[in-house]
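Visitor: Everything in the sequence shown is counted per full-length UniProt numbering, starting at 1 for the first residue and increasing by one. Pasting a structure below so you can have a look.
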Amino acid sequence: MTQSAVSRHIRTLEEHFACRLFQRNGRNLQLTESARALLPGVRDGFLALERACSTLQTDEGILRMKAPSTLTMRWLLARLSRFRHLQVGNEVQLTSAWMDIDAVDFTLEPFDCAILLSHGHFPSDWEATLLFPELLIPVGAPTLLKDPPWDVKRLAKAELLHPTPDRRDWRTWLNRMGLADQVSLKGGQVFDTLELGMIAAARGYGVSMGDLLMVAEDVAQARLSLPWRTAVFSGENYYLVWPRTRPGAERLRRLSDFLQTEVNAMELPLVEVLH
């Protein structure tokens, strides 16, 4: 579900109850007093619904995973398909979710594991496997490379595409590159996800911020180009996480080992990386 769809649902709820349910605090949404009063009953209702539905699940050998939408489309789906064909019992039921800040609550959500973009501070009763770092890099259509080499003056004149409404990806990259005072973040099209920004960039609508690992295949196939060949570590990594109390530890460890092997086998574009 996109951010705009979430916003519409929030407005519908607030109109129905004639009160504010959420308030924004920086990048986070917080519950109002009215929402906190409503939460216990709603939570109990969803838990009861989940328990009722679980009685109809006959295949207990399926791992239920939650993962960010861009990661799912750009990298994860193909790997899970290969994992499934390796041997019987490697079934993963994936739920792709838009998450402004990646999070999962294993006590309330029906998942066995999740892949999260995080600084790595997880509950003590979780297992966490580091998969790969988020390396931000500008991406655009292949035609961008037909013109003279990119420099800060050309970047300042370019149409920047923002894959996050708060423009934090471009801001992180420009700050680390020392270009924040030379390139304006005002204007430009704004999207909900890295995926939408990269699609728009590939179609020639401007320069977006992408993740080096997620654009590697598109760069190799000349569907995207790297006008500026310097990637910046965002400070966060992608982790596979799961609670230690979950059944199926052997299958979860097998999935973890497989995904790590897939990461190590990837061929990334040759670029400078700033940590």
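We put the CB at the ideal spot given by N, CA and C, even for glycine. Note that the structure is predicted; figures quoted are calculated from it, not measured.
Between the alpha carbons of Phe258 and Lys157, how many angstroms are there, rounded?
Guide: Roughly 43 Å separates the two Cα atoms.
Visitor: Identify which residue in Gly248, Asn237, Trp150, Glu195 has its Cα closest to the Cα of Pro227.
Guide: Pro227 has its Cα closest to that of Trp150, out of Gly248, Asn237, Trp150, Glu195.
Visitor: Is it true that the region 224–241 meets the region 133–145, where meeting means three or more beta-carbon pairs spaced less than 8 Å apart?
Guide: Yes, the region 224–241 is in contact with the region 133–145.
Visitor: Determine the extent of the beta strand (DSSP E) in which Arg154 is found, giving its start and end residues.
Guide: It is not in any beta strand (DSSP E) - Arg154 instead sits in the alpha helix (DSSP H) that spans 152–157.
Visitor: I'd like to know whether the C-beta atoms of Leu255 and Leu240 end up nearer to each other than 9 Å.
Guide: In this structure, Leu240 lies closer than 9 Å to Leu255 by Cβ.
Visitor: Counting C-beta neighbours from all protein chains within 10 Å, is the total for Asp169 16 or more, i.e. buried, or is it exposed?
Guide: By the neighbour-count rule (16 or more Cβ atoms within 10 Å), Asp169 is buried.
Visitor: For Ile115, count neighbouring C-beta atoms within 10 Å of its own C-beta (all shown protein chains included) and say buried if the count is 16 or more, exposed if not.
Guide: Buried.
Visitor: For a quick check, are the C-beta atoms of Leu213 and Phe83 less than 9 Å apart?
Guide: For Leu213 and Phe83, no; Cβs fall outside 9 Å.
Visitor: Quick one: using the 10 Å Cβ neighbour count with 16 as the cut-off for buried, is Met65 buried or exposed?
Guide: So Met65 counts as buried.
Visitor: Using the Cα positions of Tyr205 and Asn264, report the straight-line distance between them to the nearest angstrom.
Guide: Taking the straight line joining both Cα atoms gives about 33 Å.
Visitor: Measure the alpha-carbon distance for Met266 versus Leu21 and round it to whole angstroms.
Guide: Between Met266 and Leu21, the C-alpha separation is close to 44 Å.
Visitor: Quick one: using the 10 Å Cβ neighbour count with 16 as the cut-off for buried, is His9 buried or exposed?
Guide: It counts as exposed.
Visitor: Is it right to say Thr12 is buried, meaning 16 or more other beta carbons lie within 10 angstroms of its own, or is it exposed?
Guide: Under this definition Thr12 is an exposed residue.
Visitor: Is it the case that the Cβ atoms of Glu262 and Thr70 are separated by a distance below 9 Å?
Guide: Not a contact, by the Cβ cut-off of 9 Å.
Visitor: Use the C-beta contact count for Ser208: other C-beta atoms within 10 angstroms, 16 or more gives buried, fewer gives exposed.
Guide: Buried is the call here.
Visitor: On the criterion of 16 or more Cβ atoms from any shown chain inside 10 Å, does Pro247 qualify as buried, or is it exposed?
Guide: That one is exposed.
Visitor: Could you tell me which residues DSSP puts in a beta bridge with Cys113?
Guide: Met65.
Visitor: When you compare each of Trp242, Lys153, Gln30 to Asp181 by their alpha carbons, which one comes out closest?
Guide: Out of Trp242, Lys153, Gln30, Lys153 has the C-alpha closest to the C-alpha of Asp181.
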